[in-house]
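What follows is a short report on a single structure.
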Amino acid sequence: MLKMLSYLNIMLALAYFFGYLLNSYSWPIAALLLVIVYNGLTLRNIEQEKSFSNLQRVLALFNLVFAVFLLVWVFNILSASIEHRYFGDTRIYLVLATVFALSLVSHVLLSLRSR
20 MLKMLSYLNI MLALAYFFGY LLNSYSWPIA ALLLVIVYNG LTLRNIEQEK
70 SFSNLQRVLA LFNLVFAVFL LVWVFNILSA SIEHRYFGDT RIYLVLATVF
120 ALSLVSHVLL SLRSR
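Okay, structure coming up:
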């Protein structure tokens, strides 16, 4: 399950980058890079049957922070869509960002549990 979530997170990070962040600020792009690095290290540790390092714990914390950032962003867009009664292009973003944030949180929780 952890391996599948790692692949899913990498694919969602790339989809999120190409879909929404090509001309964005550097902080979300750096966070996506940390998501990809963390999931890559997790895949490496699963395949080599190694334990998680302190670096991975720090990256897991950054992944949780980014997931909270995404959920706050989703809430802001959802509230603005409700206020202006416009859901045209926001539905795809809301679904993608929510699935991505929940996938990040569940991945970190599963990785903490599997140690």
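For the sequence shown, counting from 1, position 36 maps to 55 in the working numbering; every step adds exactly one. The C-beta atom is built at its ideal place from N, Cα and C for all residues, glycine as well. All of these numbers come straight from a predicted model, not from anything done at the bench.
Three-state secondary structure assigned by DSSP to residue i
i, result
"residue 66", "helix"
"residue 125", "helix"
"residue 133", "coil"
"residue 20", "coil"
"residue 44", "coil"
Where residue i falls, given that 16 or more other Cβ within 10 Å makes a residue buried
i, result
"residue 24", "buried"
"residue 57", "buried"
"residue 93", "buried"
"residue 123", "buried"
Alpha carbon of residue i to alpha carbon of residue j, nearest angstrom
i, j, result
"residue 87", "residue 117", "10 Å"
"residue 53", "residue 81", "8 Å"
"residue 96", "residue 106", "10 Å"
"residue 27", "residue 127", "13 Å"
"residue 98", "residue 89", "14 Å"
"residue 78", "residue 50", "10 Å"
"residue 68", "residue 119", "26 Å"
For residue j and residue i, believed in contact at Cβ under 8 Å, the rounded distance
i, j, result
"residue 62", "residue 22", "6 Å"
"residue 71", "residue 125", "Incorrect: roughly 16 Å between the Cβ atoms, too far for contact."
### Task
Could you name each continuous alpha helix (DSSP H) segment of 4 residues or more that falls completely within the segment 66 to 108, going from the start of the chain to the end?
73 to 103
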